[in-house]
Structures are given as C-alpha cells and as structure tokens.
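Right, one structure below, let's go through it.
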Amino acid sequence: MKKFNFRKVLDGLTAASPVGSSGGGSGSGAGGSVHPGGTAGAAGTPREEIQETLTSDYFQICKTVRHGFPYLPTALAFDPVQKILAIGTRTGAIRILGRPGVDCYCQHESGAAVLQLQFLINEGALVSACADDALHLWNLRQKRPAILHSLKFNRERITYCHLPFQSKWLYVGTERGNTHIVNIESFILSGYVIMWNKAIELSTKTHPGPVVHLSDSPRDEGKLLIGYENGTIVFWDLRSKRADLRAYYDEAIHSVAWHHEGKQFMCSHSDGSLTLWNLKSPNRPFQTTIPHGKVQRDGKKPESCKPILKVEYKTCKNSEPFVIFSGGLSYDKPCRRPSLTIMHGKAITVLEMDHPIVDFLTLCETPYPNEFQEPYAVVVLLEKDLIVVDLTQSNFPIFENPYPIDIHESPVTCTEYFADCPPDLIPVLYSVGAKHKKQGYSNKEWPISGGAWNLGAQTYPEIIITGHADGSVKFWDASAITLQMLYKLKTSKVFEKQKVGEGKATAEIVEEDPFAVQMMYWCPESRIFCVAGVSAYVIVYRFSKHEVNTEIASLEVRLQCEVEDIITPEPETNPPFPDASSQLPSLKSLSGSTNTVACEGTMKDSIPCLSVKARPVRMPPGYQADLVIQLVWVDGEPPQQITSLAVNSAYGLVAFGNCNGLAVVDFMQKTVLLSMGTLDLYGSSDPYQRQPRSPRKSRQFAAGLTELSDSPVSLELERCKSPTSDHVNGHCTSPTSQSCSSGKRLSSADVSRANRRGPGRPPFRKAQSAACMEISLPVTTEENRENSFSRSRSSSVSSIDRDSKEAITALYFMESFARKNDSAVSSCLWVGTGLGMVIILSLNLPASDDLRQSEPVMVSPSGTVLTLKGAVLTFACLDCMGTLTHQPYEVWRDPHSADDGDKTRKRKLVMHSPSSSQDMGDHQFAVICSEKQAKVFSLPSQTCLYVHNITETSFLLRADVVTLCNSVCLACFCANGHIMTLSLPSLRPLLDINYLPVTDMRIARTFCFTNEGQALYLSSPTEIQRLTYSQEMCDNLQDMLGDLFTPVETPEAQNRGFLKGLFGGSGQAFDREELFGEATAGKASRSLAQHIPGSGGIEGVRGAAGGVIGDLTRARIALDERGQKLGELDERTASMMASAEAFSKHAHEVMLKYKDKKWYQF
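Numbering follows my numbering, in which position 313 of the sequence shown is assigned residue number 313; successive positions increment by one, without gaps.
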C-alpha cells in the first residue's frame, strides 16, 4: 500500500490559502504566492524536519569599537609616562589612543562639547571639562573607561583648567575671572578661592576678563600664574593669598608658557606677537617679537599679524630652546594655509597644514616642569587629521600614522563588510597595496605607544570595503576589532579627465563628484570586484599579481523607459513603451564619434556620461579594469542611476538595474545579453493591469544636469540625495516610495521640473521605486526632519496607476528551480523590483566550459513571478537541510599568469556549496526579504511556507542573510532604528532592539550586516562604528579590547645639586593639603557646584585588569565611595548641629527678652 504523506497535503493547503502565517504569528494580511492554486508537490517540506538551533539567547546588541578620526575635535591631552593620547570633540566624545590596537571611545551623556582634557599623569585617570560647565573624572584602569565623579558648576562658566604634576588639586578658571580649586580624589570644591577683584590692582576700573591661563611656577609650587584675557598677568602667592606681582600688556593674551627654571615666561597675543617676561622686572616685557610681521623701514613696530593662538617654550640641555606656536601669519596673505611655526635658535620653520589647527602639544622626555624639557615631537590636532612632527631631525619629518584616521580622505559613500572571508586575501591585498606607500616619513617609532593589546580569541579574517566620493575604493583589514588599510583602488583612472572649462558642454549628469562610488559587489572567492558609479556606469575588475599594459574594453547600454511628464489621474491612450529599436543593446565601444557632445541646444542621444580612456593603460598589480559598461543618454534624457548590482564569476555575467529596467552583460565575451524595460520582463505574467500613458513630449534643454539638482530652487532640497551628504533635510526617505502623500496639488511646472530626470537617484543604496512619485518638499521644523524616516507611506502597489516605472532593487544569481515542478536546478537570475515583485530569469549557459568563450548565453523570462509587500531588498537560498547555499563561483586564477598552459586556462567552477550536487535534495528554500516583510518559498513548488510582516509603520533599510554559530538567520535594520533577527527558514523573531534612530542619511546608506554577528555603519562623516549582535562576542569583548593603563614606574626627578637647591627656589615645602583642605580653607558654597557620583563604581571595575591591580582598583573605589558617604553624613551632622545651635540661640534670646517681665506684662 502506498504511504500517504499527510504533511504534504497540509502544505498544499497552506499554498492555496490567501494568507501564510509565520512562526511568529505576524503574517496577517500578507499575500501568499502569485500562484494561489499551486500545490506543494515534492517540495512541501515538513516543518519539523529542519532543526533550528538559534534562539534569542544567542543574540545581544553591543557596540564593539569605533574607527577613524574623531569628528569635530576640540581638545588634546597626552600622558608622557603612560604615552597615551586623548582627543575630545564637539559632540562630547573622547577618543583615547595608544599603540596600534589600543583605541577607546567614550561619550559624555550630556553630549556637551569637550573644552579641555587633563591626564592625572601615570595615575590611570583623566579629567574632562565640558561646555555645560561640568568636570568629569574618568577611570582609565578598566578597558571601557567610566566616570567616577562629576562636578557641575551652577553659577560660573569654566574657561581653563590646570592640574600640576603629582598633585591632587585641580585649578579651575572661570569666565568671571575667579579661580577655584577642586580635590581630584573626592571631587569636592575647596573653600579656597582666588577672586578676580583680589587678584588685580584695586585701582583698576575694568574687569580683567575670563581666565585664559593657569600654571604653577616650575620653581615654586606655591606660586600660581594667572593669565586674564585682557592682557593682565597675576603671579599669585597661594600661601599669603596675595599677588606677588602684576603685569599688563595692551593686547589680549591667548596662552602662556614657562621657561623650566621658573624665572621667565612667554605670552602669545592677539596681534601676532610673542612677549617674554622676567619675574624680576614685570613692568614691561624684556623681549617682544612679531615673528611673521614685516619690519617697517622707519623703525616703527612691525605690523600686526593674525593671533598666535598657542605657544610652547621648551628648553634643551645641549641646544637652543624650541619656541613652537600656531597662527600668527601675516594678514596680507589671505590664501595661506594654517601653519605651525617652529623657532629653534635663529632658524624659523613654517609647517603648512591641510586643515585648520585645533590644538597642539609638544612631547618631552620628562614629566617634571622644572627640568630641561628635551622635546622630541609635536602632536598637531587638525580639524580633519592628526599628525606628529619629529623634532629630533632638522627637516622636521612627520611620523607615519598607524591609526586608520584617513577613512574620510574623500567622503565615504557606501560600505561593505565581509567576516570569515578566505584567509589568503588579507596578505595578498596587503602585498599589492604596500607598493604604493609614501616615502619621506621619520624613521623613528611612533611615539604614542602606551597601553597593551593582544589578538584575543577571535581569529577569523574580516575585510571592510569603503567606496568614496572621488571614485576611490579602500580595502581594510578589520580582523580582531582593529582596522588597517590594505589596498586602495582608484576607479576614476579608467576615465579621461574632464578639461577645465568644458563643464557645460559635456554629457555629465553630476557636476560634483562624477566618479562617486554608489554600489559595490565583491566575490572574495573569485576575487571579482564590481563598482557602480553615480554617473550610471559599472566597472568589472579582475585581480592580478602582474602588471599589465592594455586597452580597457567598454560597452554602452541603452536602457530607457519613457514616462509621462505630469502625473495625471486620468488614463490616456498611448502605450508607455518605447519602440523596439530602443531596447536593442548598443555594442559600440567608446570611440571619438560616440563621445562627441552635441553643441548646446541639440538633443543628446546615445552618449555616455563619461569618456573611457581609448589608449592602452598601464595597470599595476591588484585590481585591473576588465570591462566598463555605461548607460547612455536617450532622446535628450540622461541615464538613470544604477539601483542594483550583482556579478557571478561562474556564469561570467554581471547584471544591473535602475528605475527603467534591467541589463545583463557577459563580461567574458564582452557582450550585452539583455537590455529591457522592467515591464517587458514580466511578459504575459504581469499580475497588474497598468494604465497606459501618453507619449512624452520631445524636449530640448541645456546640458549639465546634476545629480543633486535640476533647478537652483531645489538645490538644497535635493542635497540629501548626494552620496556625500549627511542629513535627511526633511526629504522623502523611503527607498521605494516617492508618492506625494501630502495631498496638495502641485503646479505642472513644479512637477515637470522635479521629474525632468524621471524619479532621480534613490536616496538609499538599495534603490527606490518610481511607482509612486514623491516631490521633495521643504521641511523647516526640526521635528519633521527627525520624524521623516518613520513617515507612513501609501502602499507601493496601491499607487501603481501613478506611474509606469518600476525600479530594479535586488538581483541574485543562483542555482535554483526556475519554474514550477522543475526536476533539477538550473542557472537563474532572481530579480526584485520596487513594487515587491520577484521575477526569475533563466540563464542558458553553454554545456561545456570550452564553448563558454564562443557560444552565446541565452537569458529568458521563466514566467515565474512571486510577490511581497514593499521593495525587494535581498535574496538567499537554503538547501533542503536549511543550510545556506553559496552562489556558484569560479576559483580565482591570475588572468595574466606567466604560465600559459592548459591548466591555467581551464576554469575551475564551484557550483554547489557547501552541499555537493548529489546532496541538494529534491527541493530548496528561497528566502526573500522586502522593506516590509520576509517570505520563505519552497521550490520548485513555489509554495509560500512562511511569511513574517516585519514592519507596518516604517520600512527596512538593510537586510542580509548571515551565518552565526554554524546556523543561519535574517538580520534587518529598520528606518525606525530597530535591529531585528529572524530564524530561517521559519522566520521566528529572535531579536528586536531599538538601537539607533535613523536621523541621518549617512547611517541609512552605510549600515551593513555580515557573518558571525557583526555589523557596521558610518556614525559620523569621519568614523566607522562597529557593533555585534552576537551574545558570544559580547561576552568575549573584554578580552579583545586593549588595556589603556599599564603599570609603569614614574621616572625619578633629577638631582638638582646643592647650590640650586639653596638658591634656586623656595626653601620650604609646599603642602597643598594644608592650604586647600577643609580644616584651613573651609567649605565652598553649596550653590556654586554640585557633586554628582559617577557610574564607574564597583560595576565599572568588573572589566578592569585582573589580579592585584584590579583588586587595588576595587578597594580604592570602595574607599572613595565610603569616604563620600562619610562626607555626606558629616555634612548632614554639621547641618543638624548648626540648626540646633541656631534654635538654642533663638530660644536663649526669647528667654532673655521675657525673663524680668511680670505675668501681666505679657
């Protein structure tokens, strides 16, 4: 008797029902297959067969590390003993850098700008002063620094801080001109205050301005030098609480620097002058110079220059002192770049910088201010760079920077992330990239060498690829949470440079950054790399270890879909399709005739946007251009930008699409196989009845349409669509919908201007659908700008009658069942559109590899169409056991290898991975995710087994099928900030965390997931933020992070000698504790500053270094907390005693008042 499979019958019923429900029960309202009457057939797999191992316990979101240059830097500090550097930013972030691999990011919760940073030298702590007038003490003795104490000033604004070496008392200068003193251990304000009116002369009638400098004398710690903005300098005796001397200068002071002997100091001023003062004659400076001022002939004072913002005065034992300053250039050279001037004896060296100088620090051999400083390097913090200058060589070379701080060398436009890629790739890429290293760096070791870092347990190789606005592509080694550049590829080198002055007479569609990289596709196994540029071109690269000199092959593709200018609700009679000739591919290689641009006013046709080099080009080892494919202008309309891209090395095909249609190119034979409008791909399978349109009126207009704007009015509105832009600016932010949802009637002029290029380029890297047009309207309020990502939108499908365009949003090559009830897998191209349609194209490849170069490849629609809600984002294929099936690929071989034998010519193809073809089984699972929902289909029956509605009110920006813990899941990032993971194939929700609200186009464009639970995005224009959604990696993160603090002996002070000790300074020791402590100075006013305990208590120390240091740290913090509680108790007791005393006094007064009165006198 034949066995009856009851489960397969149930699966057939599931396929026939209009709604398929997901494992999570959230499939309501979701459409099933387009073939509702389909039966499960052989592919109706029992759901219990596949054991899914992933559960919610495997997932947790955690930031791992931030790479790149700190965005908008404001402050700089260096610990000369620990040799670590700290950089503060305008957004309240602090980056702490040590040896390569030691890179820590921490953030103030307030987000207030960091004004100043001060290390507690060799103590493993850092003080930050912020623009919200708060001081914070950071504990650096743990891998993730935390705040131990905060002190918030209520009545005064902080302007300057100074912490003497090996002191626990911090001097704080304020905008009112007062100087307060803070105990670093308890973070409590001392009662000792230097008021501005006590510091200046009584006869002075004006306020001296804010405190701009504080420093103790190197000769006597009991003397404090206070610099006020208006030019007043006060030398304050802390013991006697009076001014020892006062000096006045008629120009504002910017900074002050001591000579190490403590007898003289130097000031920099707003007129570009440097003044040198002697403590013995403070009436006037004994030397005044304007280093960059022109000397007047008549002997007058040199003309004033730009302000010298900072000066450092460093002495050497065996040579002249160094005077180093920023600014001070002459006003008569307005185009001069920002510079750092180094004066050494009579030699003056001006180092010009590429960006404005934020701050600089001189690195010296000793931490003691009263010894010869012996400077050896200068760290210069620029607005967009960090450089270190070697002072030990006369030509002042810079050190080669080991940090990845040049990510933003050109703005990042797109990113891709590959974890667990082939291990041989990193050394191979490094070997070809190392040949392009610059020369002329200092031969010394990088001086910022503090901290400790080890490889940790994570050993799999990781590669990050960044595409940039100038057309460059950078490959980075991202293994073990570090980042190091491997190789840089300049894609613009395949094109001719545009000559200056030809801008208006070219066919370019982008004025700014015409080579910007918009999309990248990389196959690590075959090393095929493909780039789509903003000027509607695709370049296919092959990897070779050999240099080659060859011509660049090129193709032109005509891909245009005509559409009505004005959106009109009433149907019209003419068909929307162009004539058949426009669908034929153009196979002309780029020659002079096709590149010539018609004179202004003549309609452009069959012209590419850029010109490929026609001459042979020398290509160094690395990635070499194999083929350039360009979309061309059609009837005066520019080509639309590319919205989807896929390459397959085994098939030798590259496919790309835009809002007009799809092109498939054979890059082995250099021929165009398919160039077709999206609607034509359906054939007779188009499930929608589309309204026909009237033909477009032929128009002529001037060349030079840009990607950003079609009219001056909308320049700012369209700015969000630039690959280099940062903010949403209130525009349409859905990658699939451009419907005008406001309901307002737009004038025909507005609509035609906005639609001049059809829907324009997509705001996200995964393209838009043109099915619903949304005109970008100006939004002025901040609230609308922030909420623009979660704006509800009309369904793409419901507004199908608005336009006949449909963007290609996803492409995927795989071995699959192309038609219903196919008995065997075949080569397919899966095509996803902006309307949620999935079209399967059959690829008929030559039977044998020998015929591949000569026999044509046939591409034909299979007739299979599946549907989802929202634009399709990603595809994947699972075998019958639920294992992710790798796309077919060709094993890499060097195309220019010296060995030209049969073995090298024979292509080695891997068609089914990881399973062999025998183990593929009789069915497979197709995973398809759109911006609204995910579906899993069983093939070849095309039964929709599972469906999960991911979001109703928002939309997905990125979705990737990734491997984790030897299993597979679907990772999604939503525009409302949620990160979600779903199990496969059952689509059970495993993780849903509101991680990051997307208020920035940059985040949406650069967010990507990869295997092993890792992801990244561009957190600022200069920084990459990496995160993990794996519980295992979160648990192991402490082992992978570097240690900021390592036990180092503080160097001993030099013996000063008998005579110097006798005559060289103060005879008595200076006890700050006795002077500033509560017993002598009393308590500060409570309303002046509020103490806030930090979060870096015992919990924060759990991540601290183990062993004795960890125990000591815990004990120290426990003591601090105990002392703090005892202090609070003491304060309460004192308050109660004062209250009781006041009550007793009041009672005594009442008693005395009524003591001698008789009862009748009351």
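Every residue gets a Cβ at the ideal spot worked out from N, C-alpha and C, and that includes glycine.
Residue environment, residue i, which counts as buried when at least 16 other CB atoms sit within 10 Å
i, result
"Ala30", "Per-residue confidence for Ala30 stands at a pLDDT of 36, beneath the threshold of 50, marking its modelled position as unreliable; the derived number appears in the next sentence. Buried."
"His1146", "exposed"
"Ser1139", "exposed"
"Gly1082", "exposed"
"Asp477", "buried"
"Phe1143", "exposed"
"Thr55", "exposed"
"Ile1092", "exposed"
"Asn395", "exposed"
"Met1033", "buried"
"Met980", "buried"
"Tyr441", "exposed"
"Arg745", "With a pLDDT of 34 at Arg745, under the threshold of 50, the modelled position of that residue is not reliable, and the figure given next carries that caveat. Exposed, by the Cβ-count rule."
C-beta contact flag for residue i and residue j at 8 Å
i, j, result
"Ser1163", "His162", "With the chain represented from 1 up to 1162, any question about residue 1163 goes unanswered, as that position is not in the structure."
"Ser1019", "Arg66", "yes"
"Val1214", "Arg246", "Lying before the first or after the last residue shown, residue 1214 is absent from the chain, which here runs from 1 to 1162."
"Ser675", "Ala810", "no"
"Tyr417", "Cys1008", "yes"
"Asn949", "Gln933", "yes"
"Leu126", "Leu1088", "no"
"Ala871", "Glu815", "no"
"Ala536", "Gln669", "no"
"Leu673", "Asp666", "yes"
"Phe817", "Val825", "yes"
"Thr1046", "Ala480", "no"
"Gly683", "Gly832", "no"
"Gly191", "Glu1078", "yes"
"Val114", "Gly98", "no"
Sheet register partners of residue i (DSSP bridge)
i, result
"Thr179", "Gly173, Ile194"
"Thr466", "Thr415, Lys474"
"Glu637", "Val634"
"Trp236", "Leu224, Ala243"
"Leu1027", "Lys63, Ala1015"
"Trp138", "Leu126, Ile147"
"Pro427", "For Pro427, which the question treats as bridged, DSSP gives no partner whatsoever."
"Ile342", "Ile324, Thr349"
"Arg958", "Phe973"
Alpha carbon of residue i to alpha carbon of residue j, nearest angstrom
i, j, result
"Thr678", "Val557", "15 Å"
"Lys80", "Gln373", "Before going further, note that residue 80 is Pro rather than Lys in the sequence given. Taking the straight line from one Cα to the other gives about 11 Å."
"Thr1080", "His108", "34 Å"
"His1175", "Cys414", "Any question about residue 1175 goes unanswered here, given that the chain covers just 1 to 1162."
"Gly227", "Leu214", "6 Å"
"Ser827", "Val628", "24 Å"
"Gln296", "His207", "34 Å"
"Ile342", "Lys152", "38 Å"
"Lys820", "Gln887", "21 Å"
"Glu409", "Thr89", "19 Å"
"Pro402", "Ile448", "10 Å"
"Val531", "Gly433", "19 Å"
"Ala112", "Ala1134", "35 Å"
"Pro514", "Met1040", "41 Å"
"Ile840", "Ser860", "9 Å"
"Cys880", "Ala553", "41 Å"
"Lys142", "Leu486", "The sequence shown places Gln at residue 142, not Lys. One C-alpha to the other measures close to 31 Å."
Does the stretch 383 to 400 come close enough to the stretch 63 to 75 to have 3 or more Cβ pairs within less than 8 Å?
Under the Cβ criterion (8 Å, minimum of three pairs), the stretch 383 to 400 counts as touching the stretch 63 to 75.
Give a yes or no on contact between the stretch 364 to 371 and the stretch 301 to 309, applying the rule of three or more CB pairs nearer than 8 Å.
The answer is no - the stretch 301 to 309 does not touch the stretch 364 to 371, with fewer than three Cβ pairs under 8 Å.
Give a yes or no on contact between the stretch 288 to 301 and the stretch 265 to 279, applying the rule of three or more CB pairs nearer than 8 Å.
Touching, yes.
Tell me whether the stretch 525 to 543 and the stretch 614 to 634 touch, counting them as touching only if at least three CB pairs, one residue from each stretch, are closer than 8 Å.
Yes: at least three Cβ pairs fall under 8 Å.
Between the stretch 998 to 1017 and the stretch 1025 to 1045, are three or more C-beta pairs nearer than 8 Å?
The stretch 998 to 1017, when compared against the stretch 1025 to 1045, does touch it at the 8 Å Cβ threshold.
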